[in-house]
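J.: Per this note's numbering, the sequence shown starts with residue 223, numbered consecutively.
Ideal Cβ positions, reconstructed from N, Cα and C, are used throughout, including at glycine.
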Amino acid sequence: MAEHETDQSFVEQLNPDAHAIALRLGCETTLDVVFLAYLRRLSRFGYFTLGPITIDVSLVEDLVERCALPGTPMAASEDYSRFSHRLMQEVRRSGRRRIDERHYLLAFMRCGEGLPARVFGELGVTPEQIDRYLQGAPAVEPLERLLTPEEVAEYLKVHVQTVRAWIRAGTLPARRVAGLRTLRIRSSDVEKLLKPLDDPD
Numbered sequence: 223m224a225e226h227e228t229d230q231s232f233v234e235q236l237n238p239d240a241h242a243i244a245l246r247l248g249c250e251t252t253l254d255v256v257f258l259a260y261l262r263r264l265s266r267f268g269y270f271t272l273g274p275i276t277i278d279v280s281l282v283e284d285l286v287e288r289c290a291l292p293g294t295p296m297a298a299s300e301d302y303s304r305f306s307h308r309l310m311q312e313v314r315r316s317g318r319r320r321i322d323e324r325h326y327l328l329a330f331m332r333c334g335e336g337l338p339a340r341v342f343g344e345l346g347v348t349p350e351q352i353d354r355y356l357q358g359a360p361a362v363e364p365l366e367r368l369l370t371p372e373e374v375a376e377y378l379k380v381h382v383q384t385v386r387a388w389i390r391a392g393t394l395p396a397r398r399v400a401g402l403r404t405l406r407i408r409s410s411d412v413e414k415l416l417k418p419l420d421d422p423d
């Protein structure tokens, strides 16, 4: 038996996904291609979200498509070979026998090259934070989204002047960006405006 087993329901689906992307782009199966395949398989509504991590998968896909170099789709690139070694290190470090989504994520975060390094560097999220999150310990949560009055109006399908009236009346809390006149509204405050039909108020 091999030293490490794989989670067949995930790994056996991820590899064909990566090969399909490489085939479509006419490139080798690179670290970036596998990273995109991983994000696409685990995304919901176009976003990969886990604790303090939120990644817009379409942005990663655009970068992969623009940076793909011609090659043999079934061939593994050198950076992907190095990543595979890192993946095995993650499995050994965890003390578990099966390769799963967590091992892939931590290996991407620790590989230090390609799109994974760029994405996680910009997010400022560490593997230790993800380890704590996955073990149930408090982790750094992403900042709450701040919306402009125009974005709130678009979301609620009302006129922007209605939103500004709610702000003036104190119905919708808003804050000014320091030193600027621009208003920002927390997404959670917008959600509080939505009441169920059976609400007596």
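So, are the CB atoms of residue 233 and residue 258 less than 7 Å apart?
T.: To locate residue 233, count along the sequence shown from 1; it is residue 11. To locate residue 258, count along the sequence shown from 1; it is residue 36. The answer is no: Cβ separation not under 7 Å.
J.: Closer than 8 Å by C-beta to residue 304: which residues in its own chain qualify, once you throw out the five before and the five after it? Chain order, please.
T.: Here residue 304 refers to the residue found at position 82 of the sequence shown. So the qualifying residues of the chain are 253, 333, 335.
J.: From what residue to what residue does the alpha helix (DSSP H) around residue 322 run?
T.: Translated into positions along the sequence shown, residue 322 becomes position 100. Note, residue 322: premise wrong, no alpha helix (DSSP H); not H, not E.
J.: Within the same chain, show all residues whose beta-carbon is closer than 7 Å to that of residue 270, passing over the 5 residues directly before and after it, in chain order.
T.: Residue 270 sits at position 48 when you count from the first residue of the sequence shown. Excluding residues within five positions, the ones whose Cβ falls inside 7 Å are 261, 264, 277, 279.
J.: Checking 7 Å against the spacing of the C-beta atoms, do residue 256 and residue 244 come in under that value?
T.: Along the sequence shown, one-based indexing puts residue 256 at 34. Along the sequence shown, one-based indexing puts residue 244 at 22. Result no, Cβ atoms of residue 256 and residue 244 do not sit closer than 7 Å.
J.: In angstroms, rounded to a whole number, what distance separates the CA positions of residue 331 and residue 383?
T.: If you number the sequence shown from 1, residue 331 lands on position 109. If you number the sequence shown from 1, residue 383 lands on position 161. If I take the Cα positions, the gap works out to 44 Å.
J.: Quick check on the DSSP output: the alpha helix (DSSP H) that includes residue 261 runs from which residue to which?
T.: The residue you call residue 261 lines up with position 39 of the sequence shown. Residues 253-264.
J.: Alpha carbon to alpha carbon, how far is residue 316 from residue 500? Give it in angstroms, no decimals.
T.: The chain is shown from 223 up to 423; residue 500 falls before or after that span and cannot be answered.
J.: From what residue to what residue does the alpha helix (DSSP H) around residue 281 run?
T.: On the sequence shown, residue 281 is found 59 positions in, with the first residue counted as 1. Run containing residue 281: 279-289, per the alpha helix (DSSP H) assignment.
J.: Which whole-angstrom value is the C-beta distance of residue 273 and residue 352, which I expect to be below 8 Å?
T.: As a position in the sequence shown, residue 273 is number 51, starting the count at 1. As a position in the sequence shown, residue 352 is number 130, starting the count at 1. That pair is a contact at about 7 Å.
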